[in-house]
Ligand SMILES: Cc1ncc(C[n+]2csc(CCOP(=O)(O)OP(=O)(O)O)c2C)c(N)n1
Ligand SMILES: [Mg+2]
């Protein structure tokens with residue numbers, strides 16, 4: 013499965029979610045499917061997309077938050093899985109695209125290429141609902157089930173180590189930050 017196809021499969025559901033992406037390829041791919049003000053592409057802060065997502069989920073319990081993460085980024089902040097399990101917000105889905113690679117910086121193999129099982133780590137960190145979803149059909153089902161479950165879910169999808177031809181995005185970090193902040197303010201003032 014290619015990540016772009018995977019994103020395309022879940023994209024219709026993301027329009028109603030607050031979405032935080034890992035930096036690099038996944039951000040560019042989601043952006044290429046169509047930007048929305050509820051999408052935040054976390055640049056530079058490798059490993060922290062799930063931490064930002066956790067904060068948003070705890071602060072905005074009425075909103076569904078989805079984090080689109082990468083294997084190497086999660087490996088860099090493995091404690092995040094324990095913290096997610098500890099606070100287990102019902103409105104958070106952590107979807108990890110595992111391409112066994114640091115694709116965005118040249119494609120070096122990550123530790124999932126040599127045996128680390130992120131779904132297993134999530135489970136043993138105390139996350140109750142963990143699923144592997146390695147085909148488009150499985151991801152579609154697992155993601156829909158995660159939305160319906162209304163409990164913290166961690167999904168791990170093996171994807172091919174291929175990315176976009178170009179990493180250029182015509183929305184700047186600051187523009188995205190301000191637009192996303194205004195979107196969140198709009199939600200907060202309505203609730
Ligand atoms: C603290 C920090 N270290 C290193 C980088 C450089 N960097 C950007 S993306 C990336 C690899 C991310 O790999 P992964 O999370 O698996 O995502 P993929 O690129 O495979 O989609 C690295 C090392 C960074 N942005 N921040
Ligand atoms: Mg990767």
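Numbering (my numbering), first residue to last: 13 to 203. Backbone N, C-alpha and C define an ideal beta-carbon position, used for all residues, glycine too. Model, not experiment: these values are computed from the prediction.
- Query: Over what stretch of residues does the beta strand (DSSP E) that includes residue 143 continue unbroken?
  - Reply: 141-144
Which first and last residues belong to the alpha helix (DSSP H) in which residue 96 is found? 91-99
Checklist entry - Out of 14, 31 and 161, which has the shortest C-alpha to C-alpha gap to residue 195? => result 31
Buried versus exposed, by CB contacts within 10 Å (16 or more), residue 40: buried
Exercise for review: Count the C-beta pairs between the segment 59-66 and the segment 78-88 that are closer than 8 Å, then say yes if the count reaches three, no if not.
Suggested key: yes
* **Whole runs of the beta strand (DSSP E) within the segment 98-163, excluding any shorter than 3 residues** => 104-110 and 141-144
Per DSSP, which one or two residues make a beta bridge with residue 53? 33
- Query: What are the start and end residues of the alpha helix (DSSP H) that includes residue 62?
  - Reply: 61-71
Here's a check: name, in chain order, each residue in its chain whose Cβ is nearer than 8 Å to the Cβ of residue 101, leaving out the five neighbours to either side. 66, 69, 70, 73, 77 and 164
Have a look at 53, 122 and 48 and flag the residue whose alpha-carbon is nearest the alpha-carbon of residue 179. 53
To which residues does DSSP link residue 170 through a beta bridge? 110
Subject >> CB of residue 167 within 8 Å of CB of residue 21, strictly >> reply: No. Outside cutoff.
Practice item. Measure the C-alpha to C-alpha separation of residue 188 and residue 51 and round it to an integer number of angstroms. Key: 8 Å
**Prompt:** Roughly how many angstroms separate the alpha carbons of residue 99 and residue 147, rounded to a whole number?
**Reply:** 29 Å
Could you name the residues of the same chain whose beta carbon sits closer than 6 Å to that of residue 107, not counting the 5 residues immediately before and after it, in chain order?
80 and 167
Integer Cβ distance of residue 113 from residue 173, believed to fall under 8 Å: 4 Å
Practice problem: Please name the residue in 190, 143 and 158 whose C-alpha comes closest to that of residue 170. | Solution: That would be 143, whose Cα lies nearest to the Cα of residue 170.
Could you check whether the Cβ of residue 188 sits closer than 7 Å to any heavy atom belonging to ligand 1? no
Exercise. Closest by CA to residue 103, which one among 55, 155, 149 and 190?
Worked result: 155
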